[in-house]
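According to this note's numbering, the residues represented by the sequence shown are 199 to 372, in order.
Ideal Cβ placement from N, Cα and C applies to all residues, glycine included.
Written below as structure tokens is the structure these notes are about.
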Amino acid sequence: MDNITGMKERKRALKDHNEALEGRRVSDSHTSLTEFVLPNDANTYGNVLGGKVMHLIDLAAAVAAHRHCRKTVVTVSVDSLRFLHPVKVGELMLMDAVVTRAFRTSMEIQVEVKSEDLLTGEQKRTCSAFLTFVAIDEDGKPTAVPCLVPETDEECERYEDAQRRRQRRLDRES
Ligand SMILES: CC(C)(COP(=O)(O)OP(=O)(O)OC[C@H]1O[C@@H](n2cnc3c(N)ncnc32)[C@H](O)[C@@H]1OP(=O)(O)O)[C@@H](O)C(=O)NCCC(=O)NCCS
């Protein structure tokens with residue numbers, strides 16, 4: 199590595215370090231997404247396809263991760279998903295995504311999915327998912343993200359639990 203390249207790398211590391219010290223609030227990343235379920239998204243029983251729901255979960259989580267770190271992000275893992283009830287053609291799917299905790303280069307995002315019957319207004323919880331995104335630099339290498347500052351009791355609880363979930367994921371990998 200020559201001197202100029204070394205200096206550029208050190209400057210980039212310092213910038214990452216300073217950005218990581220600037221905390222972000224959970225509300226900074228909160229993302230809501232609404233999708234109208236159309237026949238093209240459904241199986242022959244008129245229920246939305248699981249893959250469509252997964253796609254929207256990934257999108258909502260990606261936007262939340264972007265909003266948290268304002269860098270390019272990629273999906274690294276998605277925890278197991280369980281669909282609690284079917285969503286029908288003509289209903290709405292409502293996604294709510296927030297960053298629950300940021301680590302060094304990775305962030306855990308929780309996405310809550312609900313359905314809404316447009317005629318009655320009734321909402322049902324469809325599923326909840328945890329995803330991990332990593333911020334990458336222009337060379338595609340993981341880069342530091344700002345820390346998360348939880349404020350409410352609920353945010354603090356999710357923040358604590360995120361550490362345990364991360365450990366389980368990493369244990370599974372090893
Ligand atoms: C994301 C990617 C850049 C990570 O590269 P890498 O060299 O494996 O990076 P590292 O081993 O340093 O891990 C980076 C972070 O991911 C975390 N990580 C790794 N595996 C993980 C897993 N299974 N679950 C959660 N986090 C994980 C690490 O703990 C680390 O986080 P930290 O810096 O906050 O501690 C690389 O794996 C990649 O490009 N993957 C493809 C991503 C993609 O294209 N996704 C779209 C679907 S294909």
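Identify every run of the beta strand (DSSP E) within the stretch 259-347, keeping only runs that are complete inside it and at least 3 residues long; order them along the chain.
270-276, 290-300, 304-314 and 321-334
Counterpart residues of residue 222 in DSSP-defined beta bridges:
The count along the sequence shown starts at 1 and reaches residue 222 at position 24. According to DSSP, which records beta bridges pairwise, residue 222 is partnered with 346.
Alpha-carbon spacing of residue 220 relative to residue 269, whole angstroms:
Residue numbering aside, residue 220 sits at position 22 when the sequence shown is read from its first letter. Residue numbering aside, residue 269 sits at position 71 when the sequence shown is read from its first letter. Computed Cα separation, rounded: 14 Å.
Flag this pair as yes or no: are the beta carbons of residue 333 and residue 343 separated by less than 8 Å?
Counted from its first residue, the sequence shown places residue 333 at position 135. Counted from its first residue, the sequence shown places residue 343 at position 145. The answer is yes: Cβ separation under 8 Å.
Cβ-heavy atom distance, residue 303 to ligand 1, below 7 Å:
On the sequence shown, position 105 is the one that residue 303 refers to. Within the chosen limit of 7 Å, ligand 1 reaches the beta carbon of residue 303 through at least one heavy atom.
Which of the three DSSP states is assigned to residue 245 in this structure?
Here residue 245 corresponds to residue number 47 of the sequence shown, with the count starting at 1. In the structure shown, residue 245 sits in a strand (DSSP, three-state: E or B).
Among 272, 307, 321 and 361, the one whose alpha carbon lies nearest that of residue 298:
Counting from 1 along the sequence shown, the entry for residue 298 is found at position 100. Of the listed residues, the one whose Cα sits closest to residue 298 is 307.
Residue 372 in three-state terms, based on DSSP
Here residue 372 corresponds to residue number 174 of the sequence shown, with the count starting at 1. It is coil, neither helix nor strand.
Cα-Cα separation between residue 288 and residue 358, rounded to whole angstroms
For this step, residue 288 is matched to residue 90 along the sequence shown. For this step, residue 358 is matched to residue 160 along the sequence shown. Their Cα atoms are separated by approximately 38 Å.
Can you pull the DSSP bridge partners for residue 233?
Counting from one through the sequence shown, the residue named residue 233 turns up at place 35. 291, per the DSSP bridge assignment.
Given 8 Å as the limit, is there contact between the stretch 263-280 and the stretch 312-322, that is, 3 or more CB pairs closer than that?
No, because fewer than three Cβ pairs between the stretch 263-280 and the stretch 312-322 fall closer than 8 Å, the two stretches do not touch.
Straight-line CA distance for residue 370 to residue 274?
Numbered from its first residue, the sequence shown carries residue 370 at position 172. Numbered from its first residue, the sequence shown carries residue 274 at position 76. The alpha-carbon of residue 370 is positioned some 14 Å away from that of residue 274.
Can you tell me the Cα-Cα spacing of residue 252 and residue 309, whole angstroms?
The sequence position of residue 252 within the sequence shown is 54, counting from 1. The sequence position of residue 309 within the sequence shown is 111, counting from 1. Taking the straight line from one Cα to the other gives about 10 Å.
Could you check if residue 371 belongs to the surroundings of ligand 1, using beta carbon to heavy atom distance under 7 Å?
Residue 371 sits at position 173 when you count from the first residue of the sequence shown. Yes, Cβ of residue 371 sits closer than 7 Å to a heavy atom of ligand 1.
When you compare each of 206, 292 and 207 to residue 323 by their alpha carbons, which one comes out closest?
The residue you call residue 323 lines up with position 125 of the sequence shown. Cα-wise, what sits closest to residue 323 is 292.
Relative to ligand 1, is the shortest distance from any of its heavy atoms to the C-beta of residue 362 smaller than 7 Å?
On the sequence shown, residue 362 is found 164 positions in, with the first residue counted as 1. No.
Backbone CA spacing between residue 280 and residue 325 [nearest angstrom]:
By 1-based counting over the sequence shown, the position of residue 280 is 82. By 1-based counting over the sequence shown, the position of residue 325 is 127. Taking the straight line joining both Cα atoms gives about 6 Å.
Within 10 angstroms of the Cβ of residue 255, are there 16 or more other Cβ atoms? Answer buried if so, exposed if not.
The residue labelled residue 255 in the question sits at position 57 within the sequence shown. Under this definition residue 255 is a buried residue.
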